[in-house]
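Line by line, the protein sequences are chains A and B. Residue numbers for the first sequence follow our numbering, beginning at 1 and rising by one. Residue numbers for the second sequence follow our numbering, beginning at 305 and rising by one.
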Amino acid sequence: MRASFVFTEMGIAIRRNLSMVISVILVTFISLTFVGTAGLLQQQIGSMKTYWYDKAQVAIYLCTATSPKDVCPQGEASNDVQATVNTRLNSNTLKPYIAKAFFENHAQAYKTFQNEFKNNAVAKYVTPAQLNETFWVKLKDPNQAPIVIESFSGLSGVEQVKDQRTYLDQIFSMLNIASLAAISIAALMLFSAALLISTTIRLSAVMRRREIGIMRLVGASNFYIQLPFILEGVVAGVIGSLLAGGAILAVVNYFVQGYLVQQLPFTSFVGLGDAFTLLPALVGLGGLLAGIAAASSIRRYLRV
Amino acid sequence: MISISQVTKSYRGAPRPALDDVSIEIDKGEFVFLVGASGSGKSSLMRLVLREDIPSSGSIHVLGENLVGIPNRRVPRFRRNLGVVFQDFRLLPNKTAAQNVAFSLEVIGKSKGFIAEAVPEVLRLVGLEEKASSLPSELSGGEQQRVALARAIVNKPAILLCDEPTGNLDPKTSEGIMDLLNRINLTGTTILMATHDRGIVDKYRKRVIELSQGKLVRDEQGSGYGNK
Chain A
1 MRASFVFTEM GIAIRRNLSM VISVILVTFI SLTFVGTAGL LQQQIGSMKT YWYDKAQVAI
61 YLCTATSPKD VCPQGEASND VQATVNTRLN SNTLKPYIAK AFFENHAQAY KTFQNEFKNN
121 AVAKYVTPAQ LNETFWVKLK DPNQAPIVIE SFSGLSGVEQ VKDQRTYLDQ IFSMLNIASL
181 AAISIAALML FSAALLISTT IRLSAVMRRR EIGIMRLVGA SNFYIQLPFI LEGVVAGVIG
241 SLLAGGAILA VVNYFVQGYL VQQLPFTSFV GLGDAFTLLP ALVGLGGLLA GIAAASSIRR
301 YLRV
Chain B
305 MISISQVTKS YRGAPRPALD DVSIEIDKGE FVFLVGASGS GKSSLMRLVL REDIPSSGSI
365 HVLGENLVGI PNRRVPRFRR NLGVVFQDFR LLPNKTAAQN VAFSLEVIGK SKGFIAEAVP
425 EVLRLVGLEE KASSLPSELS GGEQQRVALA RAIVNKPAIL LCDEPTGNLD PKTSEGIMDL
485 LNRINLTGTT ILMATHDRGI VDKYRKRVIE LSQGKLVRDE QGSGYGNK
């Protein structure tokens, strides 16, 4: 009895106030889509980090005949250099940190390069001699890269020691900035959504002031008077957040999985499963925000 | 039943208090006319009894509740023992007579079964069983006020407050409403009725309380409207 009455009242309120309710739905929809996008970007960063950090290695590039003369005055690194690096890598000081180390000569480097730049014009002009002979060092703990860099930087015959993670960190910081931007837009939009909800509820209350007046006169409890209005806000918020969830799922399914995955086959991308974990958070956020905005608005209206 | 003791009510910015040191005792089953010019404080007094306002000083007890100290959350439950009728009826225009009455029971959580029994019964009492499914716009003024009365008494209140219930009605229709109020009063309901209707007050010869500029100037049993 009580419940059916409350829901009937809520239904009447929504029908009378339909255009405002639709605008609330749309604003929550758009703002929560931004929230969801930021969440997806963070998940993407996370999955890329585990994928790439795992592959990333420290590269010890040996001098070639074409290396700059200021770092490699004696030109192409001799076999002695190779031997020195190898000995040091196997020494007792470094060995405990290293999971795996292997040497790549000119011919192997050329093969890898041709593979990676298959469709790129540059592949035609490069000769094996131009590519560095390289020691690839995989560490047990990638964070200890500085130890290897310290030991080999400045060694004569070594052109450069590079932690590949530094390349990745640039990409991650760009993705981080993008998700920060999405969060900022989302925060602004959520704020306007909250204002819009409280205006909508106030309008709804004004349109039903006769009913409210009678309810107060005959002794309806405050909770009973307020509930239909709060529910009106929550329903609009939840519909908006469900739409946002749908949009996020569609983006992941059609854009990420349907397009990006084919364009960039060697990258791991967020999947539908990741998007589904975002859904409860979005719906909860939308419903909670709308409920709080509606409740505070109707309380203020009824107090006057 | 209603005990008003040395009550003063001032509104901010008003030159004089709306009620000035007013004391009134009303017993169970009484029928009291509250008279006085516009602005004499009748409406302020009604609002205080309904606990829509709190007096600036003095105390009010209604049905055993101290209305100055009662916490806000207990006010709804208190009001369920009061019925109220206004000059402008205050019916919901999109609900039928029966739905208007039922609405006041629904919002205090009465069961469907109770409503299904109580609504036709009270509509029969006010003589509107034929018009149960008419909208307010299809009813005359007197009929609309009967619906409002039905709504006020359907929950069997101990006290019925009437704020100029005949103010918008012609004398003949007013008489019908007064007969109804009299009958309600005979079942034991205390009635406090604010009115400007000289003819009615003079005819029914009840207890009359007169306010003038916020002061109590007369409280007589079996009196008339007065000279003003």
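Even for Gly, the Cβ is constructed at its ideal location relative to N, Cα and C.
Item, Value
"So, for B:L395: in the same chain, excluding its five sequence neighbours on each side, which residues have a beta-carbon less than 7 angstroms away from its beta-carbon?", "N404, P440, Q448, V451, A452"
"Note down, one range per segment and in chain order, each alpha helix (DSSP H) of at least 4 residues found wholly within the region 212 to 299 of chain A.", "222 to 250"
"I need the straight-line Cα distance from A:M1 to A:A38, nearest angstrom please.", "Unreliable placement is indicated for A:M1, whose pLDDT of 48 sits below 50; no coordinate value is reported for it."
"Do A:A294 and A:G233 have their CB atoms nearer than 7 angstroms?", "yes"
"At a cut of 8 angstroms, does the region 220 to 232 of chain A reach the region 255 to 263 of chain A through at least three beta carbon pairs?", "no"
"On a CA-only basis, which of B:M482, B:G492, B:L409, B:V311 is nearest B:T499? Give me that one, please.", "B:M482"
"With 7 angstroms as the threshold, decide whether the Cβ of A:F172 is near any Cβ in chain B.", "no"
"Let me know the secondary structure DSSP gives B:N370 once reduced to three states.", "strand"
"Check each candidate in A:I98, A:L40, A:G154 and name the one with the smallest Cα separation from A:V270.", "A:L40"
"Which chain A residues sit within Cβ distance under 9 angstroms of B:L396?", "R210, E211, I214"
"In three-state DSSP terms, what is B:V388?", "strand"
"For a test of the three-state rule: what should DSSP assign to A:F322, helix, strand or coil?", "Residue 322 of chain A lies beyond the stretch modelled for chain A, which goes from 1 to 304, so this question has no answer here."
"Flag this pair as yes or no: are the beta carbons of A:S241 and A:L32 separated by less than 7 angstroms?", "yes"
"With DSSP as the reference, label A:M1 as helix, strand or coil.", "Low per-residue confidence applies at A:M1: pLDDT is 48, beneath 50, and the placement is therefore not dependable, though the value from the model is reported in the following sentence. A:M1 falls in the coil class under three-state DSSP."
"Does B:I495 have its Cβ less than 7 angstroms from a Cβ in chain A?", "no"
"Going by CA-CA distance only, name the one from B:G492, B:Q517, B:G530 that's closest to B:K346.", "B:Q517"
"Using three-state DSSP, classify A:A65 as helix, strand or coil.", "coil"
"How would you call B:K435, buried or exposed, if buried means at least 16 neighbouring beta carbons within 10 angstroms?", "buried"
"Is the beta carbon of B:I513 closer than 7 angstroms to that of B:V336?", "yes"
"Got a sec: which bits of the region 215 to 230 of chain A sit with their beta carbon under 8 angstroms from any beta carbon on chain B, in order along the chain?", "M215, R216, L217, V218, G219, A220, S221, N222, Y224, I225"
"Distance cutoff 7 angstroms, beta carbons only. Does A:F5 sit that close to anything in chain B?", "yes"
"Assign B:R383 to buried or exposed, taking buried as 16 or more other Cβ atoms, counted over all protein chains shown, within 10 Å of its Cβ.", "buried"
"Taking C-beta pairs closer than 7 angstroms, name the residues in chain A that B:E410 reaches, listed in chain order.", "F5"
"Write down the C-beta distance between A:A99 and A:K124 rounded to the nearest angstrom, noting that I regard them as a contact closer than 8 angstroms.", "At roughly 36 angstroms, the Cβ-Cβ gap does not stay under 8 angstroms, so A:A99 and A:K124 are not in contact."
"Grab the span of the alpha helix (DSSP H) containing B:S478 for me, first residue to last.", "475 to 490"
"Evaluate B:A322 with the Cβ neighbour count: other Cβ atoms within 10 Å of its Cβ, from every protein chain shown; 16 or more gives buried, anything less gives exposed.", "buried"
"How many whole angstroms separate the CB atoms of B:L386 and B:I463, which I take to be in contact at a CB cut-off of 8 angstroms?", "5 angstroms"
"Name the chain A residues that come within less than 9 angstroms of B:V388, Cβ to Cβ?", "L217, V218"
"With A:V27 and A:L196 assumed to form a contact (beta carbons below 8 angstroms), what rounded beta-carbon distance in angstroms separates them?", "6 angstroms"
"Note down the Cα distance separating A:L285 from B:K414, rounded to an integer number of angstroms.", "35 angstroms"
"Using three-state DSSP, classify B:M497 as helix, strand or coil.", "strand"
"Compare the C-beta of B:P380 against all C-beta atoms of chain A and say whether one is closer than 7 angstroms.", "yes"
"For B:F407, return the contacting residues in chain A, with the cut-off set at a CB-CB distance below 8 angstroms.", "E211, I214"
"Are the beta-carbon atoms belonging to A:T66 and A:N132 less than 7 angstroms from one another?", "no"
"Beta-carbon of B:R383 versus every beta-carbon of chain A: anything under 7 angstroms?", "yes"
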